[in-house]
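K.L.:
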C-alpha cells in the first residue's frame with residue numbers, strides 16, 4: 036500500500052489520518068475478475084486516548100473504494116466491492132508483565148454476487164481479535180501468549196470467500212468479512228481471516244543471555260487451531276472443499292539471531308496438519324532461512 040500518514044497529539048489525545056492506494060503490480064483479492072492491475076483507494080482516521088496509565092483505547096474509521104477496470108467484458112456481471120470499516124479496541128497491561136490487545140471491526144458497504152449487475156448486495160460483516168501476553172522476569176526475556184482471531188463468513192460463498200464469480204447466490208446480504216490488514220495466521224496454512232476461527236498459543240525466549248555471541252539469539256514457537264465460521268462456506272484455501280468445520284492445526288518454530296548491529300539471521304519452519312475440511316490430509320511444510328543486512 037502506497038500511502039501518506041499524518042499523526043498529531045493534543046493533551047491526552049492522539050489523532051492519525053492516512054490516505055493511500057494499492058500498488059498496481061500487486062494481486063487483487065478477487066481472482067475471478069479480469070482486471071490486470073489492482074486499483075483501490077483508502078482514506079481513514081484513528082483517535083487514541085493516552086490519558087490512562089496502563090491502557091490506550093482507540094477508535095478508527097476508514098473506507099475503501101474499488102477503481103479496478105476489467106480488461107475483458109463479462110456479460111451480466113459487475114465486480115465492484117466498496118467497503119467501509121469502523122473499529123474500536125485497546126492495548127495495555129492488566130498488571131506487571133501481563134499485556135493485552137483487543138480489537139473489534141464492523142464492515143459495511145456494497146458488493147456484487149454471481150451473475151449480478153442490476154443490483155448490489157449489502158455488506159454486513161465483522162471481525163474480532165484478542166491477545167494476552169505475559170513477560171516473565173529474568174535475563175532470558177521469556178514470554179508466552181494466547182490469541183483468538185475471528186472473521187465472519189457467508190454461507191452463500193461456497194467457492195471462495197473473496198471472489199465475485201461463484202459467490203452470493205442466495206440473497207442480497209454479504210456477511211463475509213474482507214480485511215486489508217495483516218494478521219499472523221501461521222507460516223504454512225496462512226489463511227485469510229474470512230470465515231475463520233483461529234486460536235494461537237506461543238512462547239519464546241533468549242536461551243543464552245550470558246554468551247557474548249549468542250545473547251541476542253531468540254527461539255520461539257507458535258501453535259494454531261483453525262475452524263470455519265460456516266462449514267458450508269469457503270475459506271481462502273480452495274482445497275478445503277469439504278463441508279466440515281474443522282480445518283486443522285499447525286505448529287511453527289522460529290529462530291532469530293542479531294549477529295551484529297547491522298546483520299541479522301532468521302529461520303522459520305511451519306507444519307500444517309489439515310483437518311476434515313480437506314480431501315488431501317497430507318502434511319504441508321514451509322521452511323525459510325534469511326539474512327538481513329541493514330545499512
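In this note's numbering, the protein residues as written are 36 to 330.
Each residue gets a CB set at the ideal place from its N, CA and C atoms; glycine is no exception.
(1) Tell me the DSSP secondary structure of residue 282 in three-state form.
(2) Quick check: what's the CA-CA separation for residue 166 versus residue 180?
(3) Taking only three categories from DSSP, how would you classify residue 243?
(4) So the candidates are 177, 137, 319 and 148; which of them puts its Cα closest to the Cα of residue 225?
(5) Answer yes if the region 279-297 comes into contact with the region 253-262, meaning at least three C-beta pairs across the two stretches below 8 angstroms, and no otherwise.
(6) Put residue 261 into one of helix, strand or coil per three-state DSSP.
(7) Alpha carbon to alpha carbon, what distance is there between residue 59 and residue 305?
(8) Could you name the residues of the same chain whose beta carbon sits closer than 6 angstroms to that of residue 303, not counting the 5 residues immediately before and after it, in chain order?
(9) In whole angstroms, what is the alpha-carbon distance linking residue 14 and residue 99?
(10) For residue 286 and residue 216, I'd like the C-alpha separation in whole angstroms.
(11) Flag this pair as yes or no: are the beta carbons of residue 149 and residue 112 separated by less than 9 angstroms?
(12) At the level of alpha carbons, what is the spacing between residue 313 and residue 71?
(13) What are the start and end residues of the beta strand (DSSP E) that includes residue 42?
(14) Which residue or residues does DSSP assign as beta-bridge partners of residue 78?
(15) Residue 70 by DSSP, collapsed to three states: which one?
(16) What do you get for residue 275, buried or exposed, if any count of 16 or more other CB atoms within 10 angstroms of its CB means buried?
(17) In angstroms, rounded to a whole number, what distance separates the CA positions of residue 265 and residue 282?
(18) When the Cα of residue 280 is compared with those of 309, 299, 258 and 301, which residue comes out closest?
(19) Taking Cβ positions, are residue 78 and residue 97 nearer each other than 9 angstroms?
(20) Roughly how many angstroms separate the alpha carbons of residue 227 and residue 83, rounded to a whole number?
(21) Could you give the first and the last residue of the continuous beta strand (DSSP E) run that contains residue 315?
P.N.:
With the structure as the only source:
(1) If DSSP states are grouped into helix, strand and coil, residue 282 belongs with the strands.
(2) Spanning the two alpha carbons is a distance of roughly 7 angstroms.
(3) In the three-state reduction of the DSSP assignment, residue 243 falls in the coil class.
(4) For the residues 177, 137, 319 and 148, the minimum Cα distance to residue 225 belongs to 319.
(5) The region 253-262 makes contact with the region 279-297; the number of CB pairs closer than 8 angstroms reaches 3 or more.
(6) Strand.
(7) C-alpha separation (whole angstroms): 30 angstroms.
(8) Excluding sequence neighbours, residue 303 sits near 222, 289 and 323.
(9) With the chain represented from 36 up to 330, any question about residue 14 goes unanswered, as that position is not in the structure.
(10) Between residue 286 and residue 216, the C-alpha separation is close to 23 angstroms.
(11) Yes, the pair counts as a contact, with Cβ atoms nearer than the cut-off.
(12) Taking the straight line from one Cα to the other gives about 31 angstroms.
(13) Residue 42 -> beta strand (DSSP E) spans 37-45.
(14) In the DSSP assignment, residue 78 forms a beta bridge with 54 and 98.
(15) The answer is coil: DSSP assigns residue 70 none of H, G, I, E or B.
(16) Around the C-beta of residue 275, 16 or more other C-beta atoms lie within 10 Å, and the residue is accordingly described as buried.
(17) Residue 265 and residue 282: Cα-Cα distance of roughly 11 angstroms.
(18) Nearest neighbour of residue 280 by Cα position, chosen from 309, 299, 258 and 301, turns out to be 309.
(19) Going by C-beta atoms, residue 78 is nearer than 9 angstroms to residue 97.
(20) So the alpha carbons of these two residues sit roughly 27 angstroms apart.
(21) Element bounds for residue 315: n/a, residue is neither H nor E.
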